[in-house]
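Undergrad: The structure is given below, and queries will be raised subsequently.
2 protein chains.
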Amino acid sequence: MPTNIPTDLLRAFVTVIDLGGYTRAAEALGRTQPAISQKLRRLEAIIGQPLLLAEAGQIRLTDAARTLDTLARQMLRINDDIAASFADERLSGWLRVGVPTDFSNAFMLQAIADFAAAHRGVRIEVSSRASRDLRTALAAEELDMIFAIAPEDGMPWLVQSFRVTPFWAISAAVQLDPAAPVPLLRHPDPCEYADRMRSALRDAGRPWRTLLVCNDVEGLVAAVRAGLGVTALTPATLAAGLRRADVGDGLPPLAPLRIGLFYKHARLSRAGHGLAQSLLARLI
Amino acid sequence: MPTNIPTDLLRAFVTVIDLGGYTRAAEALGRTQPAISQKLRRLEAIIGQPLLLAEAGQIRLTDAARTLDTLARQMLRINDDIAASFADERLSGWLRVGVPTDFSNAFMLQAIADFAAAHRGVRIEVSSRASRDLRTALAAEELDMIFAIAPEDGMPWLVQSFRVTPFWAISAAVQLDPAAPVPLLRHPDPCEYADRMRSALRDAGRPWRTLLVCNDVEGLVAAVRAGLGVTALTPATLAAGLRRADVGDGLPPLAPLRIGLFYKHARLSRAGHGLAQSLLARLI
DNA sequence: ATCATTGCATAATGGATTCTTATGCCATGC
DNA sequence: GCATGGCATAAGAATCCATTATGCAATGAT
Numbered sequence: 001m002p003t004n005i006p007t008d009l010l011r012a013f014v015t016v017i018d019l020g021g022y023t024r025a026a027e028a029l030g031r032t033q034p035a036i037s038q039k040l041r042r043l044e045a046i047i048g049q050p051l052l053l054a055e056a057g058q059i060r061l062t063d064a065a066r067t068l069d070t071l072a073r074q075m076l077r078i079n080d081d082i083a084a085s086f087a088d089e090r091l092s093g094w095l096r097v098g099v100p101t102d103f104s105n106a107f108m109l110q111a112i113a114d115f116a117a118a119h120r121g122v123r124i125e126v127s128s129r130a131s132r133d134l135r136t137a138l139a140a141e142e143l144d145m146i147f148a149i150a151p152e153d154g155m156p157w158l159v160q161s162f163r164v165t166p167f168w169a170i171s172a173a174v175q176l177d178p179a180a181p182v183p184l185l186r187h188p189d190p191c192e193y194a195d196r197m198r199s200a201l202r203d204a205g206r207p208w209r210t211l212l213v214c215n216d217v218e219g220l221v222a223a224v225r226a227g228l229g230v231t232a233l234t235p236a237t238l239a240a241g242l243r244r245a246d247v248g249d250g251l252p253p254l255a256p257l258r259i260g261l262f263y264k265h266a267r268l269s270r271a272g273h274g275l276a277q278s279l280l281a282r283l284i
Numbered sequence: 285m286p287t288n289i290p291t292d293l294l295r296a297f298v299t300v301i302d303l304g305g306y307t308r309a310a311e312a313l314g315r316t317q318p319a320i321s322q323k324l325r326r327l328e329a330i331i332g333q334p335l336l337l338a339e340a341g342q343i344r345l346t347d348a349a350r351t352l353d354t355l356a357r358q359m360l361r362i363n364d365d366i367a368a369s370f371a372d373e374r375l376s377g378w379l380r381v382g383v384p385t386d387f388s389n390a391f392m393l394q395a396i397a398d399f400a401a402a403h404r405g406v407r408i409e410v411s412s413r414a415s416r417d418l419r420t421a422l423a424a425e426e427l428d429m430i431f432a433i434a435p436e437d438g439m440p441w442l443v444q445s446f447r448v449t450p451f452w453a454i455s456a457a458v459q460l461d462p463a464a465p466v467p468l469l470r471h472p473d474p475c476e477y478a479d480r481m482r483s484a485l486r487d488a489g490r491p492w493r494t495l496l497v498c499n500d501v502e503g504l505v506a507a508v509r510a511g512l513g514v515t516a517l518t519p520a521t522l523a524a525g526l527r528r529a530d531v532g533d534g535l536p537p538l539a540p541l542r543i544g545l546f547y548k549h550a551r552l553s554r555a556g557h558g559l560a561q562s563l564l565a566r567l568i
């Protein structure tokens with residue numbers, strides 16, 4: 001007989017974190033402040049460890065709380081999926097979505113566009129920046145929902161993550177000279193893909209030369225297609241005229257990275273949950 | 285303010301399905317039969333639709349119930365993950381795990397072996413069969429937990445699924461003759477990979493010839509390495525001496541398939557949940 | 001330094017929820 | 001025709017949970 005963790009306790013937990021206080025969480029959830037206090041206490045009793053430390057007007061998370069935070073958000077996402085599956089209401093609202101520059105590709109935009117087409121009442125504003133800027137923007141509530149690279153050691157507001165393995169892309173018409181340094185085309189630093197290309201080459205003892213630094217993926221793809229050099233792409237960004245390159249071309253495999261969906265449950269509208277569900281269904 | 289779906293209602297729901305009756309579910313959950321009845325009624329009130337129809341000693345699921353079943357199991361899996369995260373107990377027991385023949389590769393076995401090494405009290409018996417046989421075995425409770433190909437139209441006991449995109453593998457030393465029929469190495473029918481290879485070739489108007497039919501992946505890989513022909517592999521099964529082949533080699537892309545983890549919540553021990561969690565963390 | 005303010009904890013009460021016991025109903029099978 | 005197994009329903013009892021009222025600690029302003 002497994003332990004059932006009441007959903008409303010988890011909801012209270014993440015709401016307190018999202019809104020930074022018991023009193024504000026109580027307002028948002030339509031309860032009084034002592035009710036939230038008791039919910040947190042009951043949750044701590046179930047978990048068997050303290051979770052939130054009230055400290056100088058700030059909420060501090062224990063280690064257990066950080067672990068629970070990620071899992072609780074996953075569980076609430078499914079809860080909201082269930083609710084949405086049977087609600088059958090017209091979604092509407094205004095959503096500010098952030099995607100990393102190196103992932104703002106046709107695939108993601110297509111998925112968002114499809115959702116927007118299916119829910120005409122939802123206005124979506126997509127903003128494309130570096131992952132770390134996206135996380136700052138989510139914290140500051142300038143964005144409602146972001147996809148960003150997820151640090152392996154965890155980070156607040158992570159709802160779901162999935163692995164993406166980048167690979168080398170080269171023009172279909174070109175063979176790499178194994179004697180010459182690898183001609184690298186990449187995004188400007190800081191960039192997870194650039195990091196992975198360099199560390200893979202470094203580990204393999206293969207020299208390289210950066211030939212082009214370009215902000216958007218389309219530019220890199222065009223340059224690769226023109227035969228200028230190689231870059232790291234993902235299955236979603238591999239375009240016509242390009243092929244994967246691998247050990248056969250003298251290029252070492254690239255380490256996988258982890259993309260995460262982040263949002264604050266207490267801040268996201270039903271339309272936001274709908275979009276999250278729709279995107280994750282296509283991504284996983 | 286979103287709807288919180290009480291975890292215990294979902295637990296009752298899947299337990300009734302898993303054990304095929306209210307009375308048996310009541311025993312398993314340590315409640316009386318009317319308590320389970322009422323839980324189900326409350327869940328139906330939240331969902332807004334009838335879920336289970338008692339019919340001739342059998343439980344029949346409505347369409348809504350089938351939808352809910354998958355999501356409820358996902359939510360309970362996370363619930364049990366949370367419980368396991370803070371329980372910190374020695375796992376022990378006996379687990380019968382099923383993996384599809386075309387997925388019983390080193391990667392999966394390694395992951396299972398790692399878990400077994402970390403939890404010495406758990407004895408694991410891995411059984412490798414065709415996906416459809418695995419599902420029958422799960423239904424008959426000859427297996428506790430299976431990975432199997434998930435039909436797109438849903439199927440009972442699906443807890444989590446993820447996409448796998450197969451690709452063509454060819455010996456690194458060989459070029460395919462574009463004029464000749466594609467030399468196919470494959471598993472015996474029924475096989476999802478074989479289906480995908482044939483339908484991709486058929487759609488592309490490319491003729492093929494089956495050169496070898498072999499039950500296990502290792503045999504196919506050896507044959508591909510020897511230069512006999514091509515087969516469909518996944519990232520986890522791609523071995524040394526092999527390379528991906530793609531449109532550049534005259535081979536059309538293969539359709540992705542969906543692998544699912546299936547188990548009956550009411551039947552799976554804590555050790556089983558631990559293994560599920562451990563495997564999914566490495567797969568997603 | 002003092003006092004008001006903000007924010008969480010705690011106690012006690014009332015109400016709502018949910019379990020149990022008791023019982024009824026409807027199949028199926030002998 | 002009657003017993004049996006299995007779910008539904010009703011009513012009482014126990015539990016759970018939210019509220020009001022109040023206390024306490026920390027912060028910040030005068």
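In order, the protein sequences belong to chains A and B.
Here the first sequence stands for residues 1 to 284, numbered as in the working numbering.
Here the second sequence stands for residues 285 to 568, numbered as in the working numbering.
Yeah, the Cβ is synthetic: ideal placement off N, Cα and C, and Gly gets one too.
Using a threshold of 7 Å, state whether the C-beta atoms of P450 (chain B) and A516 (chain B) are closer than that.
TA: In the second sequence, residue 450 (chain B) corresponds to position 166, counting from 1. In the second sequence, residue 516 (chain B) corresponds to position 232, counting from 1. Their beta carbons are under 7 Å apart, which means P450 (chain B) touches A516 (chain B) by this criterion.
Undergrad: Under 7 Å, Cβ to Cβ, is there at least one residue of chain A near T385 (chain B)?
TA: Here residue 385 (chain B) is taken as the residue at index 101 of the second sequence, counted from 1. T385 (chain B) does not count as touching chain A.
Undergrad: Of all Cβ atoms in chain A, is any one closer than 7 Å to the Cβ of L355 (chain B)?
TA: Locating residue 355 (chain B) in the second sequence gives position 71, counting from the first residue. Cβ-Cβ to chain A under 7 Å: yes for L355 (chain B).
Undergrad: Between the segment 91–99 of chain A and the segment 140–150 of chain A, do three or more beta carbon pairs fall short of 8 Å?
TA: In short, these stretches touch, since the Cβ pair count reaches three.
Undergrad: Are the C-beta of T515 (chain B) and some C-beta of chain A separated by less than 7 Å?
TA: Translated into positions along the second sequence, residue 515 (chain B) becomes position 231. Not one chain A Cβ lies under 7 Å of T515 (chain B).
Undergrad: Please classify V531 (chain B): is it buried, with 16 or more other beta-carbons within 10 angstroms of its beta-carbon, or exposed?
TA: As a working note, residue 531 (chain B) is residue 247 in the second sequence. So V531 (chain B) ends up on the exposed side.
Undergrad: Any idea if L9 (chain A) is buried or exposed, counting beta-carbon neighbours within 10 angstroms, 16 or more meaning buried?
TA: For the purposes of this step, residue 9 (chain A) is taken as the residue at position 9 of the first sequence. That one is buried.
Undergrad: Would you report the Cα separation of A87 (chain A) and D80 (chain A), rounded to the nearest angstrom?
TA: The residue labelled residue 87 (chain A) in the question sits at position 87 within the first sequence. The residue labelled residue 80 (chain A) in the question sits at position 80 within the first sequence. So the alpha carbons of these two residues sit roughly 10 Å apart.
Undergrad: Please report whether the beta-carbon of A510 (chain B) lies at a distance below 7 Å from any beta-carbon of chain A.
TA: As a working mapping, residue 510 (chain B) is identified with position 226 in the second sequence. By this cut-off, A510 (chain B) is not an interface position.
Undergrad: Taking the C-alpha atoms as reference points, what is the distance between M1 (chain A) and A312 (chain B)?
TA: Start at 1 with the first residue of the first sequence, and residue 1 (chain A) comes out as number 1. Start at 1 with the first residue of the second sequence, and residue 312 (chain B) comes out as number 28. Using only the alpha carbons, I get a separation of about 7 Å.
Undergrad: Any residues in the segment 289–321 of chain B with a beta carbon nearer than 7 Å to a beta carbon of chain A? Which ones, in chain order?
TA: Those would be I289, P290, T291, D292, R295, L313 and G314, in chain order.
Undergrad: Under 7 Å between beta-carbons, which chain B residues line up against Q49 (chain A)? List them in chain order, please.
TA: Taking the first sequence and counting its residues from 1, one reaches residue 49 (chain A) at position 49. Simply F370.
Undergrad: What residues in its chain sit with their C-beta under 6 Å from that of S445 (chain B), if we drop five residues either side in the sequence?
TA: Position 161 of the second sequence holds residue 445 (chain B). Once the five neighbours on either side are set aside, the close Cβ partners of S445 (chain B) are A434, R542 and G544.
Undergrad: What first and last residue would you give for the beta strand (DSSP E) that runs through F262 (chain A)?
TA: As a position in the first sequence, residue 262 (chain A) is number 262, starting the count at 1. Its beta strand (DSSP E) spans residues L257 to Y263.
Undergrad: Using a threshold of 7 Å, state whether the C-beta atoms of L538 (chain B) and A484 (chain B) are closer than that.
TA: For the purposes of this step, residue 538 (chain B) is taken as residue 254 along the second sequence, with counting starting at 1. For the purposes of this step, residue 484 (chain B) is taken as residue 200 along the second sequence, with counting starting at 1. For L538 (chain B) and A484 (chain B), yes; Cβs fall inside 7 Å.
Undergrad: When you compare only the Cα positions, how much space is there between R123 (chain A) and L220 (chain A)?
TA: Position 123 of the first sequence holds residue 123 (chain A). Position 220 of the first sequence holds residue 220 (chain A). Distance between the alpha carbons of R123 (chain A) and L220 (chain A) is about 30 Å.
Undergrad: For A319 (chain B), which option in B:E328, B:A329 and B:T307 has the closest C-alpha, if you only look at C-alpha atoms?
TA: Within the second sequence, numbered from 1, the residue matching residue 319 (chain B) stands at position 35. Answer by Cα proximity: B:T307.
Undergrad: What in chain B is Cβ-close to P235 (chain A), meaning under 8 Å?
TA: Counting from one through the first sequence, the residue named residue 235 (chain A) turns up at place 235. Neighbours of P235 (chain A) on chain B, chain order: T449.
Undergrad: So, using beta-carbon positions, are R135 (chain A) and P256 (chain A) closer together than 7 Å?
TA: Stepping through the first sequence from its first residue, residue 135 (chain A) is reached at position 135. Stepping through the first sequence from its first residue, residue 256 (chain A) is reached at position 256. No, the pair does not count as a contact, with Cβ atoms beyond the cut-off.
Undergrad: Can you tell me which of the three DSSP states I343 (chain B) falls into?
TA: Position 59 of the second sequence holds residue 343 (chain B). Three-state DSSP puts I343 (chain B) in a strand.
Undergrad: Using a Cβ-Cβ cut-off of 7 Å (strictly less than) and excluding sequence neighbours within five positions of Q317 (chain B), which residues of its own chain qualify?
TA: Position 33 of the second sequence holds residue 317 (chain B). Excluding residues within five positions, the ones whose Cβ falls inside 7 Å are Y306, T307 and A310.
Undergrad: Any C-beta of chain A sitting closer than 7 Å to the C-beta of P286 (chain B)?
TA: One-based indexing of the second sequence puts residue 286 (chain B) at position 2. So, interface residue.
Undergrad: Closer than 7 Å by C-beta to A356 (chain B): which residues in its own chain qualify, once you throw out the five before and the five after it? Chain order, please.
TA: On the second sequence, position 72 is the one that residue 356 (chain B) refers to. Result list for A356 (chain B): L294, F297 and V298, in chain order.
Undergrad: Counting only Cβ pairs nearer than 8 Å, list the residues of chain B close to T62 (chain A).
TA: On the first sequence, position 62 is the one that residue 62 (chain A) refers to. Here the premise fails: no neighbours, minimum Cβ distance about 12 Å.
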